[in-house]
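In the working numbering, the protein residues as written are 4 to 253.
Next comes the structure, spelled out in structure tokens:
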């Protein structure tokens with residue numbers, strides 16, 4: 004089990020004010036399809052996926068899901084390091100860290116209304132099964148859409164824009180980050196799929212913000228200079244990570 008504190012977002016010292024105004028008019032509760040209702044095929048599919056993925060406990064994929072619980076900016080950047088082909092350190096790359104922070108905050112702001120509108124139970128409250136993290140606080144929060152998945156996809160899309168030559172690997176890591184919530188047993192598959200849609204919508208709206216565009220340009224210059232000084236090298240650990248996350252875990 005990971006400590007409960009790992010579930011809470013942590014702001015980095017270099018954070019800028021989140022561009023939440025740009026997403027204030029994004030009606031995610033209307034954009035997303037309604038969460039599956041009890042007895043529907045999608046509802047039963049969620050249950051089957053939850054039960055089937057409990058067998059992953061103790062595997063390498065389970066360990067990765069535990070790592071992905073922490074979605075604070077420094078940890079999230081590190082999670083995308085292999086996909087970027089270079090270590091992403093929040094202290095070394097403050098402009099990128101500020102952009103990731105702002106994107107994450109906007110993603111988080113978008114999920115609350117949709118969660119409240121759907122009030123979907125988390126899978127471990129429907130069927131018994133082990134989870135990769137403590138559920139004490141999760142029991143009182145809703146499932147749909149997944150905030151982790153929304154954040155992971157939003158950040159991955161922004162990183163792919165900054166480094167289009169690494170887009171496939173970066174978006175694969177976004178998918179795996181979202182899949183980790185299913186592996187962990189704390190989100191239904193439908194909630195993770197809705198998070199992907201939600202994250203894409205957030206990024207689309209953020210692009211209308213001049214401050215976001217400015218932060219994007221600043222981070223791109225910083226990242227390009229950093230990558231030029233730190234060329235991609237073969238990494239056994241990164242190759243193993245990619246082999247682990249390429250297949251869907253369900």
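Glycine included, each C-beta is placed from N, C-alpha and C at the ideal position.
Annotated three-state conformation of residue 83 is coil, per DSSP. Assignment of residue 182 by DSSP, reduced to helix, strand and coil, places it in the helix class. Here DSSP, grouped into helix, strand and coil, assigns residue 248 to helix. The beta carbons of residue 38 and residue 178 sit about 20 Å from each other, so the pair does not count as a contact at 8 Å. The alpha-carbon separation between residue 127 and residue 251 amounts to approximately 20 Å.
For the alpha helix (DSSP H) assignment, the uninterrupted runs of no fewer than 4 residues enclosed by the segment 24 to 67 are, from N- to C-terminal side, 31 to 34, 44 to 56. Measuring C-alpha to C-alpha distances from residue 67 to each of 217, 92, 89, 186 identifies 186 as the nearest.
Residue burial annotation: residue 217 is exposed, with fewer than 16 other C-beta atoms found within 10 angstroms of its C-beta. Comparing alpha-carbon positions, the option among 46, 249, 93, 33 lying closest to residue 172 turns out to be 249. Residue 241 sits in a helix when the DSSP states are folded into three classes.
Annotation for residue 215: the continuous alpha helix (DSSP H) segment containing it runs 213 to 232.
Of the candidates 138, 195, 222, the residue whose Cα lies closest to the Cα of residue 166 is 222.
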